[in-house]
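See structure below.
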Amino acid sequence: MTRSTLDTAALAHDLRLAVMRFSRRLRNQRVDTSVTLTHLAALSTLKRHGPMSPGELAAHERVQPPSMTRVVVALEGRGLVTRTPHPTDGRQVVIGLTDAAEELLGEEARAREAWLSGRLHSLTPEKRATLREAAAIMEELAGG
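First residue of the sequence shown: 1, per full-length UniProt numbering; consecutive thereafter.
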């Protein structure tokens, strides 16, 4: 292996671990721990992509439809999603967010951003500038 290949492999290793640890810390900044991370992910997908069938939601979340059915039932029981008839397929329903879900997602995002803002505030301006550049690079990596 070349020196460049070894350096790239070491960077990949270090970055993977740092992203995992950072993600775990960020996920722990929760407002309502009675809502699971799986439930929050489904709600976030509905917020991002709009109302959809349970099958479409399962595909977005990369889970099997029966698993998503259980998630939807739990979310509906908490008053976080609604079921409405599908406009073209009478056998299906469309899952949408309630106002309570919108509020919960906003509170969760604000809690995480407050924690992160506090952590960023403790860094030097130079380190914050480096992170701005890193965020753009990570977006590029995620898109490819």
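Note that the Cβ used here is the ideal one computed from N, Cα and C, for glycine as well.
Every value quoted in this text rests on a predicted model; they were computed, and no experiment measured them.
The region 112-128 and the region 26-42 touch, with three or more beta-carbon pairs separated by less than 8 Å. Val81 and Ala41 have their alpha carbons spaced roughly 13 Å apart. Rounded to whole angstroms, the separation of the alpha carbons of Arg132 and Leu46 is 28 Å.
By the neighbour-count criterion, in which 16 or more other beta carbons inside 10 Å mark a residue as buried, Met1 falls on the exposed side. Taking C-beta atoms under 8 Å as the contact rule, His39 and Leu75 qualify, at a distance of about 6 Å. Boundaries of the alpha helix (DSSP H) harbouring Val72: Pro65 to Gly77, taken from the DSSP string. Residue state for Met1 is assigned as coil, using DSSP reduced to three classes.
Per DSSP, the beta-bridge partners of Pro85 are Val93. Remark: C-beta atoms of Ala58 and Ser67 approach each other more closely than 8 Å. Rounded to whole angstroms, the separation of the alpha carbons of Ala111 and Thr33 is 12 Å. Here Ala101 is buried: its Cβ has 16 or more other Cβ atoms, across all protein chains shown, within 10 Å.
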